[in-house]
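Written out below as structure tokens is the structure these notes cover.
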């Protein structure tokens, strides 16, 4: 069983802005300050760039950032 949180865009066929390859879900290591965890994002299998959906970047990641900075 995979317990890794998955954050994918709501719709669309996505391709890499850097190399044009199609993006596919893949585990990505995320770090902030001294904390680290793994999540699943749409990622280019060729160059490794990942797509962070807007709802994750301005929602969940912002909430976590605020919690960590308040400690």
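Numbering (our numbering), first residue to last: 4 to 74. Quick reminder that beta carbons are idealized off the backbone N, C-alpha and C, glycines included.
In the DSSP output, what is residue i paired with across the bridge?
i, result
"residue 1", "Beyond the ends of the chain as shown, which are 4 and 74, falls residue 1; an answer cannot be given."
"residue 45", "28, 54"
"residue 9", "43"
"residue 14", "DSSP, once it has assigned bridges, lists no residue as partnering residue 14."
Within 10 angstroms of its Cβ, does residue i collect 16 or more other Cβ (buried), or is it exposed?
i, result
"residue 46", "buried"
"residue 10", "buried"
"residue 19", "buried"
"residue 36", "exposed"
Is the separation between the beta-carbon of residue i and that of residue j shorter than 8 Å?
i, j, result
"residue 52", "residue 27", "no"
"residue 31", "residue 44", "yes"
Can you tell me the Cα-Cα spacing of residue i and residue j, whole angstroms?
i, j, result
"residue 23", "residue 54", "13 Å"
"residue 69", "residue 25", "33 Å"
"residue 57", "residue 7", "19 Å"
"residue 15", "residue 63", "21 Å"
Excluding the five sequence neighbours on either side, which residues of its own chain have a C-beta within less than 8 Å of the C-beta of residue i, listed in chain order?
i, result
"residue 49", "19, 22, 24"
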